[in-house]
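Numbering (my numbering), first residue to last: 1 to 205.
See the structure below:
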């Protein structure tokens, strides 16, 4: 597959910590009880990110916004993806750690965005967001299976990990697009393979 301008990768730990799994199962249960609120919050991110980007573009101009992206928007998105990766059973590393030590997320900026074109992406992103939501339903089922496997043997099948990583990679690409960091629309493809750029997982203790 042709590489997209926003690259994402993450490597699984040699084994998962059962204590961390218990914490995340509790988080998922709480989120499930607050499903409506959490769905609203997740959807609000797809409004908040382009709005924040539009404000930065209007204040600084497109050229400066893209030039400084790694110090603001890309950095914020990297922290957000680290949270998703932790809750999504892709890593045991807490999202309060330096995200670059957990995952790889880099963006080759492109285009000349305006505040208006950035806000328009809220609408343009809907088809990709709908497909991503459908993939997320399957991911939720696989996360439950992964949690059970980790509790039994401290790891889970590579094929399941690859699928979950592929869903998060699609999300990373879509976030980069709605933030107007890249001009190209995210490909409609579930790319599950490693990009070979993920930080090495810590050794099992």
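The beta carbon of each residue, even a glycine, is placed where N, CA and C say it ideally should be.
Residues sharing a beta bridge with residue i, DSSP
i, result
"residue 9", "104"
Cβ-based neighbour list, residue i, same chain, cut-off 6 Å, excluding 5 preceding and 5 following
i, result
"residue 20", "92"
"residue 101", "199"
"residue 203", "Per-residue confidence for residue 203 stands at a pLDDT of 49, beneath the threshold of 50, marking its modelled position as unreliable; no derived number is given."
"residue 189", "none"
"residue 56", "65"
"residue 170", "132"
Rounded separation between residue i and residue j - CA only
i, j, result
"residue 157", "residue 183", "35 Å"
"residue 205", "residue 76", "Since pLDDT at residue 205 reaches only 42, below the 50 mark, its modelled position is unreliable, and the value read off the structure follows with that caveat. Their Cα atoms are separated by approximately 30 Å."
"residue 193", "residue 11", "11 Å"
"residue 63", "residue 135", "35 Å"
"residue 105", "residue 6", "7 Å"
"residue 146", "residue 60", "44 Å"
"residue 97", "residue 103", "11 Å"
"residue 138", "residue 47", "24 Å"
"residue 160", "residue 140", "11 Å"
Buried or exposed by the 16-neighbour rule on C-beta atoms within 10 Å, applied to residue i
i, result
"residue 18", "exposed"
"residue 67", "exposed"
Minimum Cβ-Cβ distance from residue i to chain C less than 8 Å
i, result
"residue 176", "As a matter of chain content, chain C is missing from the structure shown, which is built from one protein chain."
Sequence-distant residues of the same chain with beta carbon closer than 7 Å to residue i, five excluded per side
i, result
"residue 16", "92, 150, 154 and 155"
"residue 89", "24, 143, 146, 147 and 164"
"residue 27", "87"
"residue 177", "121, 125, 185 and 186"
Beta-carbon spacing of residue i, residue j below 8 Å
i, j, result
"residue 142", "residue 84", "no"
"residue 50", "residue 119", "yes"
"residue 114", "residue 181", "no"
"residue 99", "residue 79", "yes"
"residue 174", "residue 187", "no"
"residue 172", "residue 81", "yes"
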